[in-house]
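Chains as they are written, first to last, in the numbering used here: chain A, 302 to 684; chain B, 1205 to 1538; chain C, 5 to 314. Contents: one structure, followed by commentary.
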């Protein structure tokens, strides 16, 4: 995680410079922001140009395809709402990834944490559906957090106490959560209506009306979970940059050695960061079933555990940077699907293109850093 | 550094030029209003030899029966296991004016319920479920997989030499569960001694683990295997390698995979149901009905493999079971 | 329960263990090299998928198993080179580029399968090779010496990898680069070259892992054939403490647990299938937690090398 480390370094160094030279601050920040947006954008364009070759080989018109991509993501009210629906879990999972990365922990367990959160949320709502929404909704979100946090705590604790690597545990915990959900969905949580009808589908009963998040735009899937995600982004920002706890988590990530000398219990803060990461992914799971599906069902997490990591890195591991990054990535996912339908290419191509985009964008970060450094040294030279 | 940048830009330029050239060469065809347009959204690939493939081949059959591409336009989105993606796809198709929009996955229920009221002139169909949400432009469909499972079980129960039969399933839900329930009772009805062992891998896609599960059954003495989901191709492979193990299939015709060992497959044939839906939709009836594929309505068929000898006794027993299920004298306990 | 201890069951369990362990072992050994040089390659699963397809396709059209294996290895090397370019030359965040590689492999393999093959077909994979005399050893003989050639290669690679890492200058260079790239650089070791080599070698083994599934165990290709085994392989590297022997034990443990859970189900032992399915994952975590030695991570793991900055 060196580069996130040094990104963090750069960012903090950058802000110190900016503060000390008050006058230059704005110009400096804007230019840096421009670089951080334009360079990855160039990466995306390069990846799409390469993908155009595949489209041509598949006898599809790349221009029509990419036009459909843009249209699908932002070209209509419905497309835009879809993008926002997709953005919501990406942002929440990404925020968790961001906290974990800041403490030098790699959380690959987003999927399992989402499942654990959703399991707890759904079980509670199905049992206590009679509660009024004012009580039920916050409880469900909180339980989503708790479920995910438990799933994040296990790797965190094992890392802190027994030095067990979190990549291993989070990968394994994903499968354990999946099997747990399978078990509950074929037993205690299986929809009684499905048993009645003899379909035995892997889904729970529908959540009570009181336990559903309101739809913001009628006849779309866009639900108020988006606001929860946005609020959490601000909360995480405040937590990481304005509280002692957050400061220590970042310190642990930036320089474990120095933190240890300063008396910070490094393992404890890493465990905390993984627990919080799990909790945020758990909220993503809860929000997903409360806003989109209205029930727990097999396969509801697909992909967000990983794409959340990508979104987090695209957002420079900054909670507020994650907002545009997850918006962009959500749009890309939706747009790519629209493209698949518009030019009728196999949907597998969508994954291949997304993979290329991720590769190109992650490769472009070196240029982002180089350019920023160049501008900084130019500025120092001016004075 | 400069040289590399130059090369990169050159490649990009070439790609762009090619793109433009190809784009110029292709012109978009206008949709004919006479054509009946069907769009389907599926959770797995059209080539999964199971659930999605059964629907896709039925649609192709319908298209051929109705006069080919000039009469029926078919489009699909596969691998749409993420529900919001499927939601986008379904709404997209509906707003493009497709006459019949199919959501081929039980996870799509919430979307169809939301979507259908906005497009009263469009017929929607979804499955596997029986719920039409009380909407008059939604059809629901499902398959009584236990019926063919029972018949397969009867044949298997009479053909086993070792008295041990292995069932390799993914997760004990949906039609995998009902198929296995029916299969078990079918075996029991003709062979009370037989040992029917079950394994569930916990995954719909893990072929390697499915192979291992089948090998485990074979080592345990099973001479007949069956199972459900797209990962059973692994079980079929294991049976094939063992040489003397027979296979019973479900969902789609699986004989082509192993012509020497597949005894019979329960085939989901959605085509008749689809024909009916299409005809209804053309005459202005957009939904309100739910279909269940059964042996009785011939939506479920037992496809025997000519290449494997089935004892006459077993064929007779299977025919009797089919008749019994149809007339209600055999009841399968789910 | 006592049935579990019968000779037949034990033989069967160990046999299944070897079959299941082989792809994991190839991929995890490869990842060990990659990580020893300081590069975490999370894209193993994608490499396995594309190579599995390549091997399958060659065998389907050409029939040559050897050629299929070679193609799988070449695809592995090519994807390893891409990974190295992004994460070594371009210094990208390795976790993310690995996920990109995985998505690409997943998508590309399904796409090619759809366009070039279209439907599930089986091929004739590597046959079992009975090693004369050794296979006659009671009990162990049929388990250990009646497997297909890829199983032998995978296990033969364990001592070879150990030897290369611990007893050769190449191994020394790999470890030096993973431990302290700046020091290695000052001693005249080409850090980037060593990392390229290690990642590509690791990816080549991941390619063999793909072939070990598509043309040796299941003998067919299907979308997402590996079902996440590449990620398990990455996890096993941590289990094995970055040593070939440790990785082998990890692969064996995970596989024997999987084999055990299948036998529990087959023998009708009264455990819910879901619980049985969890067994390998829980056991891996528990065993690693209670084991004494944890292995030490290469100090520069996941850290791009920039001359003069580390």
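For glycine and all other residues, C-beta sits at the position ideal for the given N, C-alpha and C.
By the criterion of Cβ-Cβ separation under 7 Å, what are the contact partners of residue i in chain C?
| i | result |
| --- | --- |
| residue 1171(B) | In the structure displayed, chain B extends from 1205 to 1538; residue 1171(B) sits before or after that span and is not available. |
| residue 1410(B) | 231 |
| residue 1441(B) | 126, 222, 223 and 224 |
| residue 1413(B) | 262 |
Does residue i come out as helix, strand or coil in the three-state DSSP assignment?
| i | result |
| --- | --- |
| residue 1390(B) | helix |
| residue 393(A) | helix |
| residue 558(A) | helix |
| residue 465(A) | coil |
| residue 326(A) | In this predicted model, residue 326(A) has a pLDDT of only 46, less than 50, meaning its place in the structure is not dependable enough to derive any value. |
| residue 1490(B) | coil |
| residue 1532(B) | coil |
| residue 1236(B) | With a pLDDT of only 47 at residue 1236(B), under the threshold of 50, the placement of this residue in the model should not be trusted, and no figure is reported. |
| residue 385(A) | helix |
| residue 1231(B) | Residue placement at residue 1231(B) cannot be trusted, given a pLDDT of 34 that sits under 50; what the coordinates show is reported in the next sentence. Residue 1231(B): coil per DSSP, three-state reduction. |
| residue 1225(B) | Below a pLDDT of 50, predicted positions are generally treated as unreliable, and residue 1225(B), at 40, falls in that range; no measurement from the model is reported. |
| residue 1280(B) | strand |
| residue 645(A) | coil |
| residue 652(A) | helix |
State the Cα-Cα distance for the pair residue i and residue j, rounded to the nearest angstrom.
| i | j | result |
| --- | --- | --- |
| residue 1472(B) | residue 355(A) | 35 Å |
| residue 1441(B) | residue 478(A) | 29 Å |
| residue 441(A) | residue 540(A) | 22 Å |
| residue 465(A) | residue 1518(B) | 57 Å |
| residue 135(C) | residue 226(C) | 32 Å |
| residue 427(A) | residue 1337(B) | 21 Å |
| residue 1491(B) | residue 1371(B) | 37 Å |
| residue 1311(B) | residue 388(A) | 21 Å |
| residue 370(A) | residue 213(C) | 36 Å |
| residue 264(C) | residue 1418(B) | 13 Å |
| residue 376(A) | residue 368(A) | 10 Å |
| residue 332(A) | residue 570(A) | 34 Å |
| residue 138(C) | residue 165(C) | 24 Å |
| residue 1191(B) | residue 1397(B) | The structure shown does not extend to residue 1191(B), since chain B spans only 1205 to 1538, so no value can be given for it. |
Since residue i meets chain A, which of its residues come closer than 7 Å, beta carbon to beta carbon?
| i | result |
| --- | --- |
| residue 1367(B) | Those within 7 Å of residue 1367(B) in chain A number zero; the least Cβ separation is about 28 Å. |
| residue 1288(B) | 383, 386, 387, 522 and 593 |
Can you pull the DSSP bridge partners for residue i?
| i | result |
| --- | --- |
| residue 524(A) | 516(A) |
| residue 1451(B) | 1429(B) and 1466(B) |
| residue 1507(B) | 1469(B) |
| residue 1402(B) | 1371(B) |
| residue 1152(B) | The structure shown does not extend to residue 1152(B), since chain B spans only 1205 to 1538, so no value can be given for it. |
| residue 171(C) | In DSSP, residue 171(C) forms no bridge with anything. |
| residue 19(C) | Note: residue 19(C) sits in no beta bridge, so no partner. |
| residue 480(A) | Per DSSP, none; premise fails for residue 480(A). |
| residue 1307(B) | 1245(B) and 1330(B) |
Along chain B, in chain order, which residues have C-beta atoms closer than 7 Å to that of residue i?
| i | result |
| --- | --- |
| residue 536(A) | Those do not exist, as residue 536(A) stays about 25 Å from chain B at its closest Cβ, beyond 7 Å. |
| residue 33(C) | Those do not exist, as residue 33(C) stays about 18 Å from chain B at its closest Cβ, beyond 7 Å. |
Listing by chain order, which chain A residues have their CB less than 9 Å from the CB of residue i?
| i | result |
| --- | --- |
| residue 255(C) | Correct list: empty, because the minimum Cβ distance to chain A is about 13 Å. |
| residue 1316(B) | Correct list: empty, because the minimum Cβ distance to chain A is about 13 Å. |
| residue 105(C) | 656, 659 and 660 |
Strictly below 9 Å CB to CB, what residues from chain C border residue i?
| i | result |
| --- | --- |
| residue 463(A) | 292, 293, 294 and 298 |
Using a cut-off of 8 Å between C-beta atoms, extract the partners of residue i located in chain A.
| i | result |
| --- | --- |
| residue 1292(B) | 373, 379, 380, 383, 635, 638 and 639 |
| residue 1356(B) | Within chain A, no residue comes near residue 1356(B); the closest Cβ sits about 18 Å away, beyond 8 Å. |
| residue 90(C) | 660, 663 and 664 |
Using the beta-carbon of each residue, which ones in chain B are nearer than 9 Å to residue i?
| i | result |
| --- | --- |
| residue 277(C) | 1373, 1375, 1376, 1402, 1403, 1404, 1405 and 1406 |
So residue i contacts chain E; which residues on that side make the cut at Cβ distance below 7 Å?
| i | result |
| --- | --- |
| residue 190(C) | In the structure shown, chain E does not exist; the protein chains are A, B and C. |
Starting from residue i, find everything on chain B with Cβ-Cβ shorter than 8 Å and list it in chain order.
| i | result |
| --- | --- |
| residue 144(C) | What residue 144(C) touches in chain B: nothing, since even the nearest Cβ is about 16 Å away. |
Cβ contact check for the region 207-225 of chain C and the region 441-460 of chain A: 3 or more pairs under 8 Å: no
Inter-stretch contact (C-beta, 8 Å, three-pair minimum) for the region 64-78 of chain C and the region 245-259 of chain C: no
Contact the region 336-351 of chain A vs the region 653-665 of chain A: 3+ CB pairs below 8 Å: yes
Three CB pairs or more closer than 8 Å across the region 429-436 of chain A and the region 603-614 of chain A: no
Inter-stretch contact (C-beta, 8 Å, three-pair minimum) for the region 17-37 of chain C and the region 138-155 of chain C: yes
Inter-stretch contact at 8 Å, needing at least 3 Cβ pairs: the region 20-39 of chain C / the region 255-263 of chain C: yes
At least three beta-carbon pairs within less than 8 Å, the region 1332-1350 of chain B to the region 1483-1500 of chain B: yes
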